[in-house]
Amino acid sequence: MKPKFVFALLLVLSTAGLSAQEKNATDDPLAKYRDQATQKWESEIAKLEQRDRTEVDPKDPILFIGSSSIRLWKTLADDMAPRTVINRGYGGAKFSDLAVFVDRIINAHKFKALVIFVANDIVGKEDDKSPEEVVRLFKYIVGQVRETHTTEPIFLIAITPTPSRFKAWPEIQKANAALKKTCDADPSLHFIATEKQYLDPEGEPIPAYFVKDMLHQNEEGYKLWSSIVRESIDKVLKSTAAAN
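This note's numbering numbers the first residue of the sequence shown as -14 and each following residue consecutively.
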């Protein structure tokens, strides 16, 4: 009996007793997230797609995607100038949501680099994802990006320590460490650390960088964030240009 036939037969037998939902989970690595993500964010993603149809992208842009801290980055274009940018942040995205929608967010664009920031999967609640699941989802997102954008550098901004979610900081630190390890293993991935700049000498988050909700950044916070992100992008892109 040929090995390929044996493998196919074993696969059929292994799924024969599964329910339709279980079979769907076997076929779809995002099955447990897809329905909820679609119900919550479909209208927002449709709005981004409408912008893609009506807006003309600048030349050689850096595409920024992710959650509300990206969406609310009103000074992004000025902060990255003279580099050009596209902002496609939305709502309170999680890695699981972004994994579901990433192809629809990026495929309309040709970009020089991609920047990702997501910070809502570990917030101090019972249904938080584990650091391992966050990494799995990030790797899935990278895999989807590489289907259409094979060599462009991808930057991942670390999950920021914020006063409102500092109770979850130990788990967030684990996720950040695991995400950094993943990026360090791939020359095309670049982890942008922010922990040192957002913590005071006692290791507490600095409230002066945040608005009243102590989650989203104020003007001073964005000034700091942009300087960190810009430095990392410039370093990598200048190095890439010199190599070419």
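Ideal Cβ positions, reconstructed from N, Cα and C, are used throughout, including at glycine. Remember, predicted model here, so these are calculated numbers, not experimental data.
DSSP places valine 100 in the uninterrupted beta strand (DSSP E) bounded by 98 to 102.
Here asparagine 161 carries a helix assignment [DSSP, helix/strand/coil].
Burial check for glycine 188: the Cβ neighbour count within 10 Å stays below 16, so the residue is exposed. Residue nearest to phenylalanine 96 within the set Thr136, Thr145, Gln21 is Thr136 (criterion: CA-CA distance). With a minimum length of 3 residues, the unbroken runs of beta strand (DSSP E) contained wholly in the region 77 to 154 fall at 98 to 102, 139 to 142.
Inter-segment contact for the region 66 to 73 and the region 104 to 121 is absent: fewer than three beta-carbon pairs are separated by less than 8 Å.
For the set Trp154, Ser149, Asp12, the Cα lying nearest the Cα of aspartate 198 is the one of Ser149. The DSSP assignment places 53 to 56, 61 to 65 as complete runs of the alpha helix (DSSP H) inside the region 26 to 78, in order along the chain (cut-off: 4 residues). In the three-state reduction of the DSSP assignment, proline 190 falls in the strand class. Contact check for leucine 122 against serine 173 fails: the beta carbons are separated by 8 Å or more.
Nearest neighbour of valine 130 by Cα position, chosen from Arg89, His175, Lys159, turns out to be Arg89. Relative to the Cα of isoleucine 177, the nearest Cα in the group Ala66, Leu209, Thr133, Phe86 belongs to Leu209. In this structure arginine 56 is buried. Its beta-carbon is surrounded by 16 or more other beta-carbon atoms within 10 angstroms. Secondary structure note for leucine 222: its alpha helix (DSSP H) is the uninterrupted segment 204 to 228.
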